[in-house]
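*Asks:*
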Amino acid sequence: MKRNLILTIILMLSSTILVANDRQEWFIGGEFGGMDSGKKEINAGKSNDDFFKPTYESIKFGKRDSSGRLYGLYTYQNEKENISSSSLGIGYDYIPKISEKLSPFIGIQIMHTMLEINDSEYESAGIDQLVGVSFGVGGGAIYPINYNTEIELGIRYVFNTLEDSGENNGVSKEIK
C-alpha cells in the first residue's frame, strides 16, 4: 500500500563479498535480512498506523577504494501484508582502517523504489503501484573470513517519498 514516510530498520547480513580489506578491487555481495516497516493509511479521515515485518534479499556490485566502497544495489522486499517492493540504487560506505580483524563502516544509499499493492480495496481506488525515492543511512562491521570472503553485520534506517490517494464508492483512501 502507498506510504509517504516509511521508517524501516533493516537488520542485514552480507556474505561472500569477494574482496579483502586492503585491496582496491571490484566486489559482489549478497545481503538478506528482516525489516520493521510501517505504513499509514487514511481512510475517510481516519488514520491507521500499521507495522509489519517482511524479509528482503539484495545484491551489491561495486568497487572498493582506500577509504570505502561505492556500489550499485538491487533489493527485493518479499510480499507481506499484501505489499512488496523493489529498489535499484547506489550507495557509499566509509570504511576506516582500524584493525585487520574487524572493520567498522558507515554508509548512505539513494534508491528508486517501486511498491506494489495486492489489495482489491486500494486497487479499486487506483492505488496499486507507487514509485518514489528512498534514502538510507546505515552502519556496522565487516569481518574478514579469508583473503576473498567477508561477513558483514549492520543496521540500516530507510525512509521514502511514496504516497498516493484515490476514491472508491465515495470513500477516499490515502497511503503515506
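Residue numbers (this note's numbering): 831 to 1006.
Even glycine gets a Cβ: it sits at the ideal position worked out from N, Cα and C.
Fair warning: this is a prediction, and the values are worked out from it, not measured in the lab.
(1) Please report how far the alpha carbon of GLU980 lies from the alpha carbon of ASN990, in whole angstroms.
(2) Tell me whether the beta-carbon of TYR904 lies closer than 8 Å to the beta-carbon of SER914.
(3) Taking the alpha carbon of GLN959 as the point to measure from, which residue in GLY969, THR943 and VAL967 has its own alpha carbon closest?
(4) Given that a residue counts as buried once 16 or more other Cβ atoms are within 10 Å of its Cβ, and exposed if not, what is VAL988?
(5) For GLY966, which of ARG986, GLU930 and SER933 has the nearest alpha-carbon?
(6) When DSSP labels each residue in this structure, what does ASN851 get in the three-state scheme?
(7) Which runs of the beta strand (DSSP E) spanning at least 3 residues fall entirely within the stretch 914-968, listed in chain order?
(8) With a threshold of 7 Å (Cβ to nearest heavy atom), would VAL963 be considered close to the ligand MN?
(9) Can the beta-carbon of ALA971 be found less than 8 Å from the beta-carbon of PRO934?
*Replies:* Quick look at the numbers:
(1) Rounded to the nearest angstrom, the two C-alpha atoms are 30 Å apart.
(2) no
(3) Nearest to GLN959 by alpha-carbon distance, out of GLY969, THR943 and VAL967, is THR943.
(4) buried
(5) Scanning ARG986, GLU930 and SER933 for the CA closest to the CA of GLY966 turns up ARG986.
(6) Here the model assigns ASN851 a pLDDT of 42, short of 50, so the residue's position is not dependable, and the following value carries that caveat. Residue state, collapsed to three classes: coil.
(7) Whole beta strand (DSSP E) segments, 3+ residues: 933-947.
(8) As presented, the structure is devoid of all ligands, the ligand MN included, so that no description of it is given.
(9) Less than 8 Å divides the Cβ of ALA971 from the Cβ of PRO934.
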